[in-house]
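*Asks:*
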Amino acid sequence: MSRKIRGIPLTRLRRGQSGRIVGLSPSRQADLQKLITLGLFPGERVIILHHKPLHVVQVGYTQIALDRQGAGSIIVQPE
Amino acid sequence: MLRGTKKGRGTIVLVGTPNVGKSLLFNQLSRSYAAVSNYPGTTVEISRGQAVIQGRPVEIIDTPGMYSLLPMTEEEAVARRLLFKAKGALVLHVADARNLPRHLPMTLQLLEAGCRVLLVVNMLDESQRAGVRLDLKGLSERLGVPVVGTVLLHRQGLTDLKRAILKELTAPSPSPGPVREEPYPPELEGPLALLSRRLAGFSGLPPRMAAFLLLCGDGEMEAAVKKADPAAFKLAAALRGKLQAPAAYTGALHRYEEARRLLQGCFARGPAQRGPDLSDLLIQPLTGLPLLFLVVYFGLYRFVGGFGAGYLVNLLESRLFAGLLIPWVDRLALAYLPGELLPRLLALEYGLITMGLRYAVAIVLPIVGTFFFFFAFLEDSGYLPRLALLSDRLLKRLGLSGRAVIPLALGLGCGTMAVIVTRTLESRRERVITSFLLALAVPCSAQLGLFFGILAGFPQGLLLWLGVVLLCLMAAGLLADGFLPGEGAGFYLEVPPLRVPSLANIAAKTWTRMSWYFKEVLPVFLSISLILSVGHYLGVLDWMVHRLSPLMALLGLPKEMALIFFLGFFRRDYGAAGLFDLTARGLLDPASLVVAAVTLTLFLPCLAQMAVLFRERGARTALSIILLVGGIALGAGLLLRLIFLLSGFPGEGLW
């Protein structure tokens, strides 16, 4: 749904780097809903806090842990 | 005119995303207690309570956490069903102040569903510390619903909230209530208009809301419409097929933008701030694993094992029961009760008081109580989600995700409770694997405490027991992942901030769980001792012990152990308590003790856990789990015995 937008998956952001979400491309529709309910919307600014042992991302004041598949489906524009 | 006068009083429903303080509010408004912790998904069932708000009786309902009105897990579906049914109720939407932009879309959705909403903006202290600026009055005006700010943990804002609730409940009502009609993007508006015309008056929901759910492909709505109006169902499917993006996504995105617009001028984030904190140390394997070891060592081994199973059990068991109560009860029973059976029922070897009550009060309760205290501390501190993060990789190998660590860890307290908590897991596959592991290789706190106590003087044995059980856990998980169809679980989890637990809440939670547990175990313990004393009287016990003795001999165990396996089937802790007795009588050498401990740990779950297993997983799955567990337990015991025989370990002199 957002393949036209250029960006990189969240997994490729450096630790401590921030980016703006430009698209979500999960493999299943249920995962899309999950990302939305966690507040990971296009337009939100995220900071990557950890890549190990899992990806931990901060959006607003919330920290969310995601596995590789989940984090990989979030497309961001690095800032 | 009073509001909600159908039953002569009002009803309040608490909703909100997980971990925002719904249960805390429930406890503060009503006189009942719902478990409160610092991890998402504490409430898996609906709690109802009574409250008196400024002299007015009110029914109050707590619901499991819900991220939106489109449910993803079973417990969210439960919450929504209740919400849609509770017509005329006042819905208290509890939201986290710092994260209002994320919570407000659900407020909007509740208004679209025709609910009467009061927005509770909680955790104002945390938002203030973060430098968030809020204008709740302005927000209330824009939304058209009352908004109250609170710090529920410190009972701040509670009076204002009660006043606002009372005002809402007694206000003359604009019936049927203002339904918010969100102007969605054109792509959705067309289909929504078409569908909502057909769904007028359907299911009691506003037609636009019903149409939106149908367009999202919501399972329950689809099922209802398919039955009542097949043409509308087909129309919805056709309209859905033409959408560019899923309706749930477009809708959510729109509500989110709308929330952002509404919050403009009412909500400003503070400067982003974040340095390395304890959180980092807890989740990095390099530091996280040693810290986990410390938590387990001090929490489980020293506190539950040493203090609970050692000191407290000794105090109650040796001093109170063996030293005072039992000789007295025995004497009285023999002196005043006629016949042979009657004194046996109450006193002597298997009596109601001398065995049933003693096991429950003196051996099991102190251990379970200390475990629940420890676990409540972990829950409220926010450690468990971090443990989930740390263990996700490992658990993925077993076909689970990090989320499963919460039921698994709770299983170290009480397996029965833990099987119920598997509801927070997303897929059936995950729930089955977790239930299987809980039945097989997760000893409950009573077993754990007693084995720690029994094996304390024999460190090699303790390590061996731990090692073998962990090995079985891993092997069973790997096998389950390999053989069960379906794909592995994904992991996503909100990580709440670390918080200093409140002693009052820990105490309240420990107390609630202990009373739940006690109510559960006492009748079982008493019936078992009744069965045993009658069985002993009739000679059935001796016969059974005799029949099982070849198996015990094969395991290298004394024939008295047969009885303990039998006891363990009723309750694991009861079996472990029996083992405690046998060891105290010096009937077991170190090698047999390890074999017995391993086999008993792996052996069938107790009756209560089995009953819950049947209820939650269904008969077929439950039976397969039970057969597997029995086979694996005996197999592992035999193998261990064989290894001991061949290697000569651990010898006699070590004890």
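In order, the protein sequences belong to chains A and B.
Under this note's numbering, the first sequence has 36 at position 36, and the numbering climbs by one with no breaks.
Under this note's numbering, the second sequence has 1112 at position 112, and the numbering climbs by one with no breaks.
The beta carbon of each residue, even a glycine, is placed where N, CA and C say it ideally should be.
1) For residue 1062 of chain B, does the three-state DSSP call read helix, strand or coil?
2) If you measure from the beta carbon of residue 17 of chain A to each beta carbon in chain B, is any gap under 7 Å?
3) Where does the unbroken alpha helix (DSSP H) through residue 1283 of chain B begin, and where does it stop?
4) Chain A beta carbons: is any one of them nearer than 7 Å to that of residue 1537 of chain B?
5) Can you name the residues of chain B whose CB is closer than 8 Å to the CB of residue 56 of chain A?
6) With distance defined between alpha-carbon atoms, name the residue in B:1304, B:1025, B:1246, B:1535 nearest to residue 1092 of chain B.
7) Bridge partners of residue 1512 of chain B, per DSSP?
8) Could you tell me which residues DSSP puts in a beta bridge with residue 62 of chain A?
9) Touch check for the stretch 1106-1123 of chain B and the stretch 1073-1093 of chain B: three-plus C-beta pairs under 8 Å?
10) What would DSSP say about residue 1547 of chain B, mapped onto helix, strand or coil?
11) In three-state DSSP terms, what is residue 1311 of chain B?
12) Measuring alpha carbon to alpha carbon, tell me which residue in A:7, A:56, A:71 is nearest residue 1386 of chain B.
13) The beta strand (DSSP E) with residue 1238 of chain B in it runs from where to where?
14) Out of B:1545, B:1072, B:1523, B:1125, state which residue places its alpha-carbon closest to the alpha-carbon of residue 1499 of chain B.
15) Counting pairs of Cβ atoms below 8 Å between the stretch 1473-1484 of chain B and the stretch 1438-1453 of chain B, do you hit three or more?
16) Could you please give me the residues that DSSP links to residue 1297 of chain B through a beta bridge?
17) I'd like to know whether the C-beta of residue 1383 of chain B is nearer than 7 Å to at least one C-beta of chain A.
18) Considering residue 1477 of chain B, what are the terminal residues of the beta strand (DSSP E) in which it resides?
19) Grab me the residues of residue 1592 of chain B's own chain with a C-beta within less than 6 Å of its C-beta, minus the 5 sequence neighbours each way, in chain order.
20) Taking all protein chains shown into account, do 16 or more other C-beta atoms lie within 10 angstroms of the C-beta of residue 1219 of chain B, making it buried, or fewer, making it exposed?
21) Shortest alpha-carbon distance to residue 1072 of chain B belongs to which of A:78, A:38, A:20?
22) Give the interface partners of residue 1246 of chain B over in chain A, defined as CB-CB distance under 9 Å, in chain order.
23) Answer with yes or no whether the minimum CB distance from residue 13 of chain A to chain B is below 7 Å.
24) Checking the sheet assignment: what are the DSSP bridge partners for residue 1015 of chain B?
25) Provide the residue span of the beta strand (DSSP E) that contains residue 1494 of chain B, from first to last.
26) Taking all protein chains shown into account, do 16 or more other C-beta atoms lie within 10 angstroms of the C-beta of residue 1206 of chain B, making it buried, or fewer, making it exposed?
27) What does residue 51 of chain A reach in chain B if we use C-beta pairs closer than 9 Å?
28) Look at residue 1161 of chain B and residue 1150 of chain B and say whether their C-beta atoms are less than 7 Å apart.
29) What are the boundary residues of the alpha helix (DSSP H) that residue 1609 of chain B is part of?
30) Can you pull the chain A residues whose beta carbon is under 9 Å from the beta carbon of residue 1392 of chain B, in chain order?
31) At a Cβ cut of 7 Å, what residues of the stretch 1419-1444 of chain B count as close to chain A, listed as they run along the chain?
32) Determine, using beta carbons only, whether residue 7 of chain A comes closer than 7 Å to chain B.
33) Based on the DSSP output, what are the partners of residue 1051 of chain B in its beta bridges?
34) Excluding sequence positions up to five away, which residues of its chain have a Cβ less than 7 Å from the Cβ of residue 1259 of chain B?
35) How many whole angstroms separate the CB atoms of residue 1354 of chain B and residue 1362 of chain B, which I take to be in contact at a CB cut-off of 8 Å?
36) Between residue 1491 of chain B and chain A, is any beta-carbon pair separated by less than 7 Å?
*Replies:* Let's see:
1) The residue labelled residue 1062 of chain B in the question sits at position 62 within the second sequence. If DSSP states are grouped into helix, strand and coil, residue 1062 of chain B belongs with the strands.
2) Taking the first sequence and counting its residues from 1, one reaches residue 17 of chain A at position 17. No, because no Cβ of chain B sits closer than 7 Å to the Cβ of residue 17 of chain A.
3) Translated into the one-based positions of the second sequence, residue 1283 of chain B becomes position 283. For residue 1283 of chain B, the enclosing alpha helix (DSSP H) stretches over residues 1278-1283.
4) Indexing the second sequence from 1 puts residue 1537 of chain B at position 537. Closer than 7 Å: no.
5) Position 56 of the first sequence, counting from 1, holds the residue named residue 56 of chain A. The contacting residues are 1283, 1389, 1495.
6) Along the second sequence, read from residue 1 onward, the residue named residue 1092 of chain B stands at position 92. Closest by C-alpha distance to residue 1092 of chain B, out of B:1304, B:1025, B:1246, B:1535, is B:1025.
7) The count along the second sequence starts at 1 and reaches residue 1512 of chain B at position 512. In the DSSP output, where bridge partners are listed per residue, residue 1512 of chain B has none listed.
8) In the first sequence, counting from the first residue as 1, residue 62 of chain A sits at position 62. Per DSSP, A:59.
9) Yes: at least three Cβ pairs fall under 8 Å.
10) Residue mapping note: residue 1547 of chain B aligns to position 547 of the second sequence, counting from 1. In the structure shown, the three-state DSSP call for residue 1547 of chain B is helix.
11) To locate residue 1311 of chain B, count along the second sequence from 1; it is residue 311. Three-state DSSP puts residue 1311 of chain B in a helix.
12) If you number the second sequence from 1, residue 1386 of chain B lands on position 386. Of A:7, A:56, A:71, the smallest CA-CA separation from residue 1386 of chain B is found for A:56.
13) Translated into positions along the second sequence, residue 1238 of chain B becomes position 238. Premise fails: residue 1238 of chain B lies in the alpha helix (DSSP H), 1230-1242, not in any beta strand (DSSP E).
14) Looking up residue 1499 of chain B in the second sequence gives position 499. For residue 1499 of chain B, the closest of B:1545, B:1072, B:1523, B:1125 by C-alpha to C-alpha distance is B:1125.
15) Short answer: they touch.
16) Taking the second sequence and counting its residues from 1, the one referred to as residue 1297 of chain B is at position 297. According to DSSP, which records beta bridges pairwise, residue 1297 of chain B is partnered with nothing at all.
17) Here residue 1383 of chain B refers to the residue found at position 383 of the second sequence. Cβ-Cβ to chain A under 7 Å: no for residue 1383 of chain B.
18) Working through the second sequence from its first residue, we reach residue 1477 of chain B at position 477. Where residue 1477 of chain B is concerned, there is no enclosing beta strand (DSSP E), although the alpha helix (DSSP H) it sits in stretches over 1459-1483.
19) For the purposes of this step, residue 1592 of chain B is taken as residue 592 along the second sequence, with counting starting at 1. Within the same chain, residue 1592 of chain B has close Cβ partners 1556, 1557.
20) Position 219 of the second sequence, counting from 1, holds the residue named residue 1219 of chain B. Counting the other Cβ atoms within 10 Å of the Cβ of residue 1219 of chain B gives fewer than 16, which makes it exposed.
21) In the second sequence, counting from the first residue as 1, residue 1072 of chain B sits at position 72. It is A:38.
22) As a first step, residue 1246 of chain B is located in the second sequence; it is residue number 246 there, counting from the start. The contacting residues are 1, 29, 32, 33.
23) Looking up residue 13 of chain A in the first sequence gives position 13. Not one chain B Cβ lies under 7 Å of residue 13 of chain A.
24) Residue mapping note: residue 1015 of chain B aligns to position 15 of the second sequence, counting from 1. In the DSSP assignment, residue 1015 of chain B is bridged to B:1093.
25) For the purposes of this step, residue 1494 of chain B is identified with residue 494 of the second sequence, where counting begins at 1. Note, residue 1494 of chain B: beta strand (DSSP E), 1492-1495.
26) In the second sequence, counting from the first residue as 1, residue 1206 of chain B sits at position 206. Answer is buried; the Cβ neighbour count reaches 16.
27) Locating residue 51 of chain A in the first sequence gives position 51, counting from the first residue. Within 9 Å of the CB of residue 51 of chain A, no CB atom of chain B is found; the nearest one sits about 11 Å away.
28) By one-based count along the second sequence, residue 1161 of chain B stands at place 161. By one-based count along the second sequence, residue 1150 of chain B stands at place 150. Yes. Within cutoff.
29) Taking the second sequence and counting its residues from 1, the one referred to as residue 1609 of chain B is at position 609. Counting along the chain, the alpha helix (DSSP H) containing residue 1609 of chain B begins and ends at 1607-1617.
30) If you number the second sequence from 1, residue 1392 of chain B lands on position 392. What residue 1392 of chain B touches in chain A: 53, 54, 65, 67.
31) For the stretch 1419-1444 of chain B, which is checked against every Cβ of chain A, not one residue is closer than 7 Å.
32) If you number the first sequence from 1, residue 7 of chain A lands on position 7. False, the Cβ-Cβ gap to chain B never drops below 7 Å.
33) The residue given as residue 1051 of chain B occupies position 51 in the second sequence. DSSP lists B:1030, B:1058 as partners of residue 1051 of chain B.
34) What you label residue 1259 of chain B is simply residue 259 of the second sequence in a count that begins at 1. These residues qualify, in order along the chain: 1101, 1104, 1105, 1108.
35) The count along the second sequence starts at 1 and reaches residue 1354 of chain B at position 354. The count along the second sequence starts at 1 and reaches residue 1362 of chain B at position 362. Here residue 1354 of chain B is actually not in contact with residue 1362 of chain B; their C-beta atoms are around 11 Å apart, not less than 8 Å.
36) What you label residue 1491 of chain B is simply residue 491 of the second sequence in a count that begins at 1. Chain A places a beta carbon closer than 7 Å to that of residue 1491 of chain B, counting this residue as a contact.
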